[in-house]
Amino acid sequence: MAVDWNQIEQCLDKLAEKNTFNIEPVQNKQREIISLISELKLTVSEPEDLLSDLVHAIEGLTQQYAEQMLSQLDSAEGMLETLAQTKATIDKDLSLKKTLELEIVQLSARKRVLEKEVKQKTKEREEELHRTSQLEQELTLEVGNIERYKEAQQETHQKLAILEEEAKELRTENAKLQTKLKHLEENIEGMKLLKEEHMLSIMRNTEVLSKISSGTE
Numbered sequence: 001m002a003v004d005w006n007q008i009e010q011c012l013d014k015l016a017e018k019n020t021f022n023i024e025p026v027q028n029k030q031r032e033i034i035s036l037i038s039e040l041k042l043t044v045s046e047p048e049d050l051l052s053d054l055v056h057a058i059e060g061l062t063q064q065y066a067e068q069m070l071s072q073l074d075s076a077e078g079m080l081e082t083l084a085q086t087k088a089t090i091d092k093d094l095s096l097k098k099t100l101e102l103e104i105v106q107l108s109a110r111k112r113v114l115e116k117e118v119k120q121k122t123k124e125r126e127e128e129l130h131r132t133s134q135l136e137q138e139l140t141l142e143v144g145n146i147e148r149y150k151e152a153q154q155e156t157h158q159k160l161a162i163l164e165e166e167a168k169e170l171r172t173e174n175a176k177l178q179t180k181l182k183h184l185e186e187n188i189e190g191m192k193l194l195k196e197e198h199m200l201s202i203m204r205n206t207e208v209l210s211k212i213s214s215g216t217e
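Residue numbers (the working numbering): 1 to 217.
Right, dumping it as structure tokens:
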């Protein structure tokens with residue numbers, strides 16, 4: 001039985017072509033087989049049946065380790081793809097987290113502005129009502145003539161009616177602003193909860209990445 005050195009060398013060449021990853025056990029066995037075959041080629045020109053059987057067994061072993069190496073390469077490629085997908089998910093979560101944090105800051109700033117506006121408008125209306133009340137008291141004390149007093153009183157009542165309408169509008173406006181503030185607070189709480197959920201998602205994905213990395217090693 002002749003030794004088909006070409007077939008053995010072709011098999012080893014295929015192993016070399018697929019040697020993309022550093023799989024140490026397979027590479028060590030490959031080097032042992034190459035060294036053994038090289039020694040046989042130097043010392044044997046016409047092998048006996050026993051030697052031919054040995055070479056044939058080596059060829060089979062080479063093929064077996066080649067298949068093992070290809071299988072491990074496929075597995076490693078799948079793990080790398082999983083790692084890439086996990087990394088993409090984490091990057092996306094981190095980007096969303098930054099966006100949510102920015103939106104929370106913007107909503108908080110808007111809430112402070114609205115609160116300041118409501119406080120200022122309320123203060124102005126209260127001061128105006130106070131001045132009107134003082135004016136009514138002054139008119140009551142200063143007007144000696146009943147007719148003039150009635151005219152002044154009528155004018156004051158008209159002003160009060162106008163102010164009451166303005167106060168009513170102010171209350172309506174304040175109610176709207178309070179509703180907006182409430183919605184802003186609810187949105188901020190929702191953003192905080194969503195941020196916490198994404199933080200938990202990032203932690204879980206990081207744990208998965210760590211486990212996958214440990215498995216690869």
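Backbone N, C-alpha and C define an ideal beta-carbon position, used for all residues, glycine too.
{"query": "Beta-carbon contacts of Glu117 that lie in its chain and below 8 Å, excluding the five residues immediately before and after", "result": "Leu177"}
{"query": "Alpha carbon of Glu228 to alpha carbon of Leu135, nearest angstrom", "result": "Residue 228 falls outside the range modelled here, since the chain spans only 1 to 217, and no answer is possible."}
{"query": "Cβ neighbours of Thr89 in the same chain (closer than 6 Å, five flanking residues each side left out)", "result": "Asn205"}
{"query": "Exposure of Asp93, with buried meaning 16 or more beta-carbon neighbours within 10 Å", "result": "buried"}
{"query": "Residues of its chain near Val83, where Cβ-Cβ distance is below 6 Å and the 5 sequence neighbours each way are ignored", "result": "Looking at the sequence provided, one finds Leu at residue 83 rather than Val. Closer than 6 Å at the Cβ level, and outside the excluded window around Leu83, lie Ile212."}
{"query": "Inter-stretch contact (C-beta, 8 Å, three-pair minimum) for the stretch 93-110 and the stretch 188-199", "result": "yes"}
{"query": "Proximity of Lys121 and Leu170 at Cβ, strictly below 8 Å", "result": "yes"}
{"query": "Backbone CA spacing between Leu141 and Gln153 [nearest angstrom]", "result": "11 Å"}
{"query": "Rounded separation between Glu166 and His130 - CA only", "result": "14 Å"}
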